[in-house]
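For reference, the structure discussed in these notes is given below.
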Amino acid sequence: MKTNKTVLVTGGTGFVAIHTMLQLLQQGYTVKTTIRSLNKKEELEKALRTSGIESFENLSIYEADLLYDIGWSEAAKGCDYVLHVASPFVTQEPKDEKELIIPAREGSLRVLRASRDAGVKRVVLTSSFAAIGYSTNTPGHVFTEEDWTDPNVPLMAYIKSKTVAEKAAWDFMAREGGAMELSVINPVGIFGPILGGISSASLDGVIKSIIGGLVTSSPSFTFGVVDVRDVADIHIMAMEHPQAAGQRFLAASEGVMSFYDVAELIRKERPEYAGKIASFPNTDQNFYITLSTQKAKDILDWKPRSKEEAILASVDSMMN
Ligand code: NAP
1 MKTNKTVLVT GGTGFVAIHT MLQLLQQGYT VKTTIRSLNK KEELEKALRT
51 SGIESFENLS IYEADLLYDI GWSEAAKGCD YVLHVASPFV TQEPKDEKEL
101 IIPAREGSLR VLRASRDAGV KRVVLTSSFA AIGYSTNTPG HVFTEEDWTD
151 PNVPLMAYIK SKTVAEKAAW DFMAREGGAM ELSVINPVGI FGPILGGISS
201 ASLDGVIKSI IGGLVTSSPS FTFGVVDVRD VADIHIMAME HPQAAGQRFL
251 AASEGVMSFY DVAELIRKER PEYAGKIASF PNTDQNFYIT LSTQKAKDIL
301 DWKPRSKEEA ILASVDSMMN
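Letter by letter, the sequence shown follows residues 1 to 320 in UniProt numbering.
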């Protein structure tokens, strides 16, 4: 099942990127990837090997950092598509928001520029619900792709970095994108299985903390959940589907969860891993989000797994 298409996935050492590369390789694409340091090449190959990829002849790895120009043109050369997944994702608030905003924004522009100059057909940018859902708190509001977070009010650095980077990408396309197309994926919290030890802040901040007994109360908000395998899938769909050009797609499973819901789910479905989970009551949520992923379903026929399956897959891969 070999295709003659070549795809660059940025940030090959990341949780979303490794799953996306795995699906692309399984589907017969030729894959290029960038990593910040070639020292991490073995870690990346090991993760793919544990998932059944035995030959790396369809994978090439380049060194490129979002903060510098070097490496991006070589990586984008000869590519039909670019999936720009890399962006700093941390749970701790940095001392200076620029630590996240500069690589997110300038990095996206570097990738878009290199892609346009290399004649890439379409870039799919991994944005986030962060760029959609942090400026509206009208009760009953259903978030869709029409919503935007306002970056000009005080925000956590990560939320601002994703909003500013996505806005900059659309502005670039309007101004100087040429014939290249852009699609954007806006996932909620991404969970699902870890491949070869490549985890992410979403798993460490929620699942690991709950199982390890570090969470002793349920913060008063809910969050959306989506499985990383479905996030990889929607990137590939948005890359190929003619009607995805110029569109953003909210990516989430049905419903939302609180820390309490996650703890209860693990206690019920995986009691063998629940020994250290702290006992804490449910909290009234003052940020109970409702969102619609109808657009991804209608245009792409995207069918995500349930939030419970995503959470339990994280737990199983973390504990085994
Ligand atoms: P991750 O595992 O932390 O991946 C982030 C990737 O970005 C890593 O490969 C990292 O490289 C790379 N990166 C960071 N700074 C860089 C720089 N200056 N130059 C080059 N590469 C850099 O997190 P993830 O969950 O896979 O996130 C992937 C994308 O999904 C990000 O755009 C994130 O904002 C978005 N997203 C994630 C979630 C979630 O819940 N996980 C939700 C919505 C959106 P190193 O390995 O070298 O650090």
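We put the beta carbon where it would ideally sit given N, CA and C, even for glycine.
Beta carbon of residue i nearer than 8 Å to that of residue j
i, j, result
"SER37", "ALA104", "no"
"GLU93", "ALA165", "no"
"MET239", "ARG122", "yes"
"LEU155", "TYR134", "yes"
"SER202", "ILE194", "no"
"TRP170", "VAL111", "no"
"PHE143", "THR290", "yes"
"GLY192", "VAL153", "no"
"ALA174", "PHE249", "no"
"LEU25", "LEU59", "yes"
"ALA310", "SER253", "yes"
"ILE185", "VAL256", "no"
"TRP148", "ILE159", "no"
"ILE35", "ILE53", "no"
"ASP204", "THR30", "no"
"MET180", "SER127", "no"
"TYR273", "THR222", "no"
"ARG267", "LEU312", "no"
"ALA86", "GLY14", "yes"
Counterpart residues of residue i in DSSP-defined beta bridges
i, result
"ALA251", "PRO187"
"PHE280", "Answer is none; PHE280 lacks a bridge partner."
"THR20", "According to DSSP, which records beta bridges pairwise, THR20 is partnered with nothing at all."
"residue 390", "Here the chain has residues from 1 to 320 only, and residue 390 is not among them."
"SER317", "According to DSSP, which records beta bridges pairwise, SER317 is partnered with nothing at all."
"ASP227", "PHE191"
"ILE61", "THR33"
"SER256", "Here the sequence assigns Val to residue 256, which means Ser is not the residue at that position. Per DSSP, GLY224."
"LEU291", "PHE143"
CB contact check: residue i to chain B, cutoff 8 Å
i, result
"ALA47", "Although the question refers to chain B, the structure presented lacks it and comprises just one protein chain."
Distance between beta carbons of residue j and residue i, contact taken as under 8 Å
i, j, result
"GLU42", "PHE56", "Incorrect: roughly 11 Å between the Cβ atoms, too far for contact."
"GLY246", "LEU300", "In fact, because the Cβ distance is near 14 Å, the residues do not count as touching under 8 Å."
"PHE129", "PRO187", "7 Å"
"ALA232", "GLN23", "5 Å"
"ILE207", "SER314", "5 Å"
"ALA251", "THR283", "At roughly 26 Å, the Cβ-Cβ gap does not stay under 8 Å, so ALA251 and THR283 are not in contact."
Checklist entry - Between the segment 13-27 and the segment 189-198, do at least 3 Cβ pairs fall closer than 8 Å? => result yes
Next on the checklist: Can you confirm whether the segment 262-270 touches the segment 104-121 when touching is taken to mean that 3 or more C-beta pairs between the two stretches lie within less than 8 Å?
Outcome noted: no
Checklist entry - Within the chosen definition, does the segment 65-83 reach the segment 7-16 through at least 3 CB pairs nearer than 8 Å? => result yes
Next on the checklist: Within 8 Å, do at least three Cβ pairs link the segment 272-282 to the segment 219-233?
Outcome noted: no
Checklist entry - Is there contact here, the segment 207-224 with the segment 57-71, by at least three beta-carbon pairs under 8 Å? => result no
Item to check | Complete beta strand (DSSP E) runs within the segment 86-135 (minimum length 3 residues, chain order) | outcome: 122-126
Next on the checklist: Runs of 4 residues minimum, wholly inside the segment 139-207: which ones carry the alpha helix (DSSP H) assignment?
Outcome noted: 157-176
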